[in-house]
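Student:
2 protein chains.
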Amino acid sequence: MSKKKYRQSKQRTKILEILRKTDLHPTASWIYDRLKKEFPQLSIGTVYRNLTILIDQGMIQKIENGSTFDRFDAHTNPHYHFICDVCGGIKDIDININEQIDRIITEKLPMTIKRHKIDFYGICPECERKKK
Amino acid sequence: MSKKKYRQSKQRTKILEILRKTDLHPTASWIYDRLKKEFPQLSIGTVYRNLTILIDQGMIQKIENGSTFDRFDAHTNPHYHFICDVCGGIKDIDININEQIDRIITEKLPMTIKRHKIDFYGICPECERKKK
DNA sequence: GTTCATGCAAATCGTTTGCACAATG
DNA sequence: CATTGTGCAAACGATTTGCATGAAC
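For the protein sequence lines, the chains are A and B, in the order given.
For the first sequence, counting from 1, position 97 maps to 1314 in this note's numbering; every step adds exactly one.
For the second sequence, counting from 1, position 9 maps to 1226 in this note's numbering; every step adds exactly one.
1. Taking 7 angstroms as the CB-CB limit, is residue 1347 of chain B close to chain A?
2. What do you reckon, are the CB atoms on residue 1277 of chain A and residue 1297 of chain A nearer than 7 angstroms?
3. What residue from A:1314, A:1288, A:1307, A:1271 has the CA that sits closest to residue 1247 of chain A's CA?
4. Determine the DSSP secondary structure at residue 1278 of chain B, reduced to helix, strand or coil.
5. Just verifying my parser: in three-state terms, what is the DSSP assignment at residue 1229 of chain B?
6. Spell out whether any CB of chain B is found under 7 angstroms from the CB atom of residue 1240 of chain A.
7. Given a limit of 7 angstroms on CB to CB distance, which residues of the stretch 1263–1294 of chain B reach chain A?
8. What separation, rounded to the nearest whole angstrom, lies between the Cα atoms of residue 1238 of chain B and residue 1281 of chain B?
9. Find the residues of chain B that neighbour residue 1299 of chain A, judging by a C-beta separation of less than 7 angstroms, and give them in chain order.
10. Here's a check: name, in chain order, each residue in its chain whose Cβ is nearer than 8 angstroms to the Cβ of residue 1244 of chain B, leaving out the five neighbours to either side.
11. Round the Cβ separation of residue 1336 of chain B and residue 1334 of chain A to the nearest angstrom and send it over; I've been treating them as touching at under 8 angstroms.
12. Beta-carbon within less than 8 angstroms of residue 1232 of chain A's beta-carbon, same chain only, minus the 5 sequence neighbours each way: which residues are those?
13. Put residue 1249 of chain B into one of helix, strand or coil per three-state DSSP.
14. Are the CB atoms of residue 1329 of chain A and residue 1305 of chain B nearer to each other than 7 angstroms?
15. How about residue 1295 of chain B and residue 1314 of chain B: are their beta carbons less than 7 angstroms apart?
16. Got a sec, what are the start and stop residues for the alpha helix (DSSP H) residue 1270 of chain A sits in?
17. Could you tell me the distance, in whole angstroms, from the CA atom of residue 1228 of chain A to the CA atom of residue 1303 of chain A?
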């Protein structure tokens, strides 16, 4: 999150708008496909460059999700994720972040904990329904 | 974790041995460099193929660590990880896994939680010392 | 002897980058 | 008009794969 000055760009504005309108935690290429309709010349490099800038601005965050590709999220307040074992979809988990956990661990162990990340795994309601 | 039958291979045996002897959570190429001394003909493809087999056998697990490369761990009982913001090193966190967490979340939310993963972030004692 | 594992090299995939041109401030 | 952002294509780095040969059973 730097204070670097960036110019405005139509592509970047739109990328942020798209990210804010979805809770799908999209990949770069999903965003690219979306935006391609509006900017037929768009290149995937531009999408990546803008995602990097938006992260630097603190507007979005990158989610590490154990896949080979990154996902992005405009929901930047701390929250946990649920990842479906069947469809791979990611959902936000709306429970309080327990900041005590960091303190407890720091007391017990020789390292200073600044933050933590919890990912829950299981089967989402949609996939659960399809199984029957 | 399938029941597929695999033949024995010297390379695979040694890869598992190396993984069991370290707590560094190595990358594929670290293992490759190590093993190259003993098997000068070794190819990185063989390392990857064997790591995949060992995962399938449940002997090791892959750690997603937010980097561009995977790390591997022969320590397969459930445990948490600590990732140093400075050096990127991964350490095992030796506290009890709270299985209640999964149950509590499952009760509150529409999805069935089977397991969870917690990664703690901060600065490891070694890097903390170097800062001064 | 049939099948699986290996080494080698080429292919793949997501992401990054160098470059010349266009858009921003 | 100086600088940043863009499209394009090439480069990149980690991982995977096709193929002919070698090892396991």
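Ideal Cβ positions, reconstructed from N, Cα and C, are used throughout, including at glycine.
Tutor: Taking the structure as given:
1. The residue given as residue 1347 of chain B occupies position 130 in the second sequence. Chain A, which has no Cβ nearer than 7 angstroms to the Cβ of residue 1347 of chain B, makes this no.
2. For the purposes of this step, residue 1277 of chain A is taken as the residue at position 60 of the first sequence. For the purposes of this step, residue 1297 of chain A is taken as the residue at position 80 of the first sequence. Contact: no.
3. Working through the first sequence from its first residue, we reach residue 1247 of chain A at position 30. Measuring from the Cα of residue 1247 of chain A, the nearest candidate turns out to be A:1288.
4. To locate residue 1278 of chain B, count along the second sequence from 1; it is residue 61. Reduced to three states, the DSSP call for residue 1278 of chain B is strand.
5. Counted from its first residue, the second sequence places residue 1229 of chain B at position 12. It is helical.
6. In the first sequence, residue 1240 of chain A corresponds to position 23, counting from 1. Taking Cβ atoms only, chain B never reaches closer than 7 angstroms to residue 1240 of chain A, which makes this a no.
7. 1281, 1283
8. Here the question's residue 1238 of chain B lines up with position 21 in the second sequence. Here the question's residue 1281 of chain B lines up with position 64 in the second sequence. Computed Cα separation, rounded: 20 angstroms.
9. Residue numbering aside, residue 1299 of chain A sits at position 82 when the first sequence is read from its first letter. Result: 1328.
10. As a working mapping, residue 1244 of chain B is identified with position 27 in the second sequence. Contacts found: 1286, 1287, 1288, 1289.
11. As a working note, residue 1336 of chain B is residue 119 in the second sequence. As a working note, residue 1334 of chain A is residue 117 in the first sequence. Correct: roughly 5 angstroms between the Cβ atoms.
12. Within the first sequence, residue 1232 of chain A is the residue found at index 15, counting from 1. 1248, 1252, 1264, 1267, 1268, 1271, listed in sequence order.
13. Stepping through the second sequence from its first residue, residue 1249 of chain B is reached at position 32. It is helical.
14. To locate residue 1329 of chain A, count along the first sequence from 1; it is residue 112. To locate residue 1305 of chain B, count along the second sequence from 1; it is residue 88. No, these two residues do not count as a Cβ contact at 7 angstroms.
15. Along the second sequence, one-based indexing puts residue 1295 of chain B at 78. Along the second sequence, one-based indexing puts residue 1314 of chain B at 97. Cβ atoms of residue 1295 of chain B and residue 1314 of chain B: closer than 7 angstroms.
16. Position 53 of the first sequence, counting from 1, holds the residue named residue 1270 of chain A. Here the alpha helix (DSSP H) through residue 1270 of chain A covers 1261–1273.
17. Taking the first residue of the first sequence as 1, we reach residue 1228 of chain A at position 11. Taking the first residue of the first sequence as 1, we reach residue 1303 of chain A at position 86. Spanning the two alpha carbons is a distance of roughly 33 angstroms.
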